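In the working numbering, each residue carries its 1-based index in the sequence shown increased by 35.
Remarks on the structure that follows.
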Amino acid sequence: TSNTSNCGGGAIYAQADASGNQITLNLTNCVFGGNNADDWGGAMELDYTTATITNCLFYENTSDYGGAINSWESAVSGYNCTFADNTGTTSGGGHRSSTDAVDTYYNSIFYNNNTNIYEKSGATTTLYYSVCSGASTAGVSVNNEITGNPQFTDSANDDYTLQSSSPAVDAGSSSYAPAT
């Protein structure tokens with residue numbers, strides 16, 4: 036938490052190597068909070084990357100493009116993630132799908148980001164069984180949307196767990212839930 040970059044990826048910058056070999060990134064049970072990048076991806080900048088992100092929290096991250104994540108010519112699969120209170124000062128507070136990105140989220144929450152999701156022309160962003168309340172750009176495909184305030188326990192004090200009355204509780208698909 037609280038990392039800074041003067042370019043991209045406040046916490047993580049993943050980019051293909053000099054030979055053009057794509058990066059594979061797997062993140063589980065991570066918390067990215069209060070990170071800042073001057074340009075791209077306040078928490079993560081993903082360039083030519085295949086990423087699987089599971090049970091991760093992204094909150095209060097900031098950058099010009101993609102407050103939490105900027106995905107450029109990458110493929111992101113996110114499962115059971117929460118994106119809240121992130122800021123993309125130009126676009127994509129929660130997530131920004133940029134040039135040729137193919138990004139998909141399942142059972143996830145995008146809430147109270149200045150723009151939840153920004154999809155640049157040529158990119159594809161799809162949500163399944165997710166909360167995406169608030170501003171997103173046209174083109175973002177939302178399937179089986181869960182509507183309403185997710186009712187975080189105490190987001191003012193960085194507690195993004197859900198209250199038992201949350202419309203998101205038991206509303207996702209078990210097909211995308213983590214094994215217990």
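Glycine included, every Cβ here is placed at the ideal spot set by N, Cα and C.
Since the structure is predicted, the reported quantities are computational estimates derived from the model, not experimental observations.
{"Check": "Test item: CB-CB of S126 and T150 under 8 Å", "Outcome": "yes"}
{"Check": "Within 8 Å, strictly: CB atoms of I58 and G76", "Outcome": "no"}
{"Check": "Euclidean distance between Cα positions of I88 and Y114", "Outcome": "6 Å"}
{"Check": "Sheet register partners of Q50 (DSSP bridge)", "Outcome": "D82"}
{"Check": "Spatial distance of E180 from D135 (CA atoms)", "Outcome": "24 Å"}
{"Check": "Proximity below 8 Å, CB of D74 to CB of Y48", "Outcome": "no"}
{"Check": "Cα-Cα separation between D189 and F93, rounded to whole angstroms", "Outcome": "15 Å"}
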